[in-house]
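Residue 438, in the working numbering, is where the sequence shown stops; the numbers in between run on with no holes.
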Amino acid sequence: VGDKGTIESDKFSIEVLDTKKIGDLIIHKGKVRVGKVSEGDSATLIVEERLRENTASHHTATHLLQSALQKVLGSHIKQAGSLVEPERFRFDFTHFAPLKPEEISEIEYLVNKWIRENRKVIIQNLPYETAIKTGAMAIFGEKYGDIVRVVEVDGVSKEFCGGTHQIETGRIGFFKILSEESVASGVRRIEGVAGESAFRWVQDIYNKLNSLSIILKTPVKDIEDKIQKMIKREREIEKELENYKNKLASIQAKESLNVKENKEGIKIIASQISVSDINQMRNILDTLKDKEKSAIIFLISEIEGKANCLMYVPEELTAKYDASAMLKNILSQFGGRGGGKKSLAQGAVPDSKNITDIIKKFYDVVGL
């Protein structure tokens, strides 16, 4: 990210929107806001200091970050890309596994330790060979001229770099990693903030915690424990509710139980029930199986607009009555699909308005 600012004179004012280095030239991209610019005019260049300061903090922070990564994870760490902006940074590096929480904590600790130590940042232009001999790290794949710019953080890192930096690490203030993820095979990405942006991030997090503290009516330090208890209680309530639903559905099924016998004397049960999911249907089926062990059972319920079905056939009857084949046959006639085993099958029809006709068809198939 290049500098922004203004180019001012008594004849004109230009807002500089971006700057880029092309060869030995610094290209200024801007817009004339006042007056007219003529060749040979004298002007004063005014840099937007806050933007440069924040960019410099993030840039120097990435140098500290790379050294911390190498110390914590190993010497195999190499830079694989980066983005430095006034508000944040992004740093890609070679590594084979996600970072553990304790590794991230150790990396943050090291970077902030070096910041607190207010180490000098030394910038030199050196012949390429001299820079290499001093131990400066070059970025793999980059092309360099005979003279290179070397940025050294005293006792921490030494790298080829052409960007804006702080003169001392203490000016960064604070460093925080916000995320870590994979972006390609063998390449991880860290995104984070430093300086003013890191302070704003901490402020925002604290304000959110403070709001939670008020909502939960508990001190900030006890929020985690309070939420864990709430989650545990919610799960208990959900389990209790599920049990009540199953009991209610079982009662409903038993009350509407209509046991018939076909021409072969086999008990046939068909019941329309009211449940919210297929698991409740299975629980009801288990209850009915225990009550009527030798019966062929067919359950149907409207769930989210569909007619969901379960069919059970006792093992001793599967030679003649195949639950999967019968259910496929029935549901296919109403635009539905089903399948499973000879003793237990499941399926659904897109439109629940056909429930009565589906039950009639079941009776036909089992010989009633």
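Cβ atoms here follow ideal geometry from the backbone N, Cα and C, with glycine treated the same way.
In DSSP terms, what residue i is bridged to
| i | result |
| --- | --- |
| ILE57 | The displayed coordinates of the chain run from 71 to 438. Any statement about residue 57 would go beyond what the structure contains. |
| THR204 | DSSP lists no partner for THR204. |
| ARG407 | ALA418 |
| LEU115 | ILE77 |
| GLN342 | ILE370 |
| ASP88 | LYS99 |
| VAL220 | GLN194 and PHE230 |
| GLY105 | PHE82 |
| ILE337 | Correcting the residue type first, residue 337 is Lys in the shown sequence and not Ile. According to DSSP, which records beta bridges pairwise, LYS337 is partnered with GLU331. |
| VAL435 | Answer is none; VAL435 lacks a bridge partner. |
| ALA254 | VAL257 |
| GLU238 | LYS190 |
Residue nearest to residue i in terms of C-alpha spacing, selected from the options
| i | options | result |
| --- | --- | --- |
| GLU374 | GLU294, LEU248, ASP421 and LEU282 | ASP421 |
| GLY72 | ASN349, VAL117 and VAL104 | VAL117 |
| ILE354 | ALA377, SER364, ILE338 and TYR382 | TYR382 |
| VAL329 | LYS141, TYR433 and LEU397 | TYR433 |
| ILE174 | ARG259, SER364 and TYR391 | ARG259 |
| ILE193 | GLU238, PRO156 and MET351 | GLU238 |
| CYS231 | ILE217, PHE244 and ILE242 | ILE217 |
| LYS333 | VAL435, LYS278 and GLY151 | VAL435 |
| GLY211 | LYS141, GLN149 and LEU139 | GLN149 |
| VAL181 | HIS129, GLY100, LEU438 and TYR198 | HIS129 |
| PRO384 | ASN399, ASN378 and PHE368 | PHE368 |
| LYS390 | ILE366, ILE400 and ILE370 | ILE366 |
| GLY93 | LYS302, LYS213 and LYS315 | LYS213 |
| ASN316 | LYS296, ILE301, GLU331 and ILE343 | ILE343 |
| ASN313 | MET351, ILE293, THR76 and THR204 | MET351 |
| LEU380 | GLY417, LYS91, GLN140 and THR388 | GLY417 |
| GLU250 | LYS398, ILE77, SER341 and LEU135 | LEU135 |
| GLY256 | ILE425, ALA167, PHE404 and SER320 | ALA167 |
| THR89 | SER83, LYS99 and LEU95 | LYS99 |
| LEU414 | ALA395, ASN424, TRP184 and ARG103 | ALA395 |
| PHE245 | PHE269, THR76 and SER83 | PHE269 |
| SER364 | LEU143, SER371 and GLU386 | GLU386 |
| GLU229 | LEU248, MET207, GLY240 and ARG241 | MET207 |
| THR426 | ILE96, VAL86, ILE370 and PRO197 | ILE370 |
| ILE242 | LEU248, SER267, VAL142 and LEU397 | SER267 |
| GLY144 | ILE177, ARG160 and PRO171 | ILE177 |
Contact belief for residue i with residue j at Cβ below 8 Å, rounded distance in angstroms
| i | j | result |
| --- | --- | --- |
| THR200 | THR125 | That belief does not hold up - the Cβ atoms of THR200 and THR125 are roughly 28 Å apart, past 8 Å. |
| GLU362 | ILE336 | With a Cβ gap of about 11 Å, GLU362 and ILE336 do not count as contacting. |
| LYS412 | ALA393 | 6 Å |
| SER137 | SER227 | 4 Å |
| ALA132 | HIS146 | According to the sequence provided, residue 132 is Thr. The question's Ala does not apply to it. Actually they are not in contact, since the Cβ atoms of THR132 and HIS146 sit about 18 Å apart, beyond 8 Å. |
| ILE348 | ASN378 | 6 Å |
| VAL419 | ILE428 | 7 Å |
| LYS81 | LYS101 | At roughly 16 Å, the Cβ-Cβ gap does not stay under 8 Å, so LYS81 and LYS101 are not in contact. |
| GLY265 | SER127 | 3 Å |
| SER283 | VAL290 | 5 Å |
| VAL253 | ASP162 | 6 Å |
Residue i: CB within 7 Å of a non-hydrogen atom of the ligand MN
| i | result |
| --- | --- |
| GLY335 | Among the ligands in the structure shown, none appear at all, so the ligand MN cannot be discussed. |
(message) Under 8 Å: do the region 213–231 and the region 94–112 share three or more Cβ pairs, one atom per stretch?
(response) no
(message) Give the list of continuous beta strand (DSSP E) stretches no shorter than 3 residues that lie fully inside the region 348–395.
(response) 366–373 and 376–382
(request) Would you check if the region 121–135 and the region 156–173 touch, i.e. whether three or more CB-CB distances between them fall below 8 Å? (result) yes
(message) At 3 residues or longer, what runs of the beta strand (DSSP E) sit wholly inside the region 150–211?
(response) 159–164 and 191–197
(request) Only counting runs of 3 or more residues, tell me where the beta strand (DSSP E) segments fall wholly within the region 299–333, in order along the chain. (result) 329–331
(request) Assess, as a yes-or-no matter, whether the region 270–280 is touched by the region 176–193 under the definition of 3 or more beta carbon pairs within less than 8 Å. (result) no
(request) Entirely within the region 122–151 and at least 3 residues each: give me those beta strand (DSSP E) ranges in chain order. (result) none
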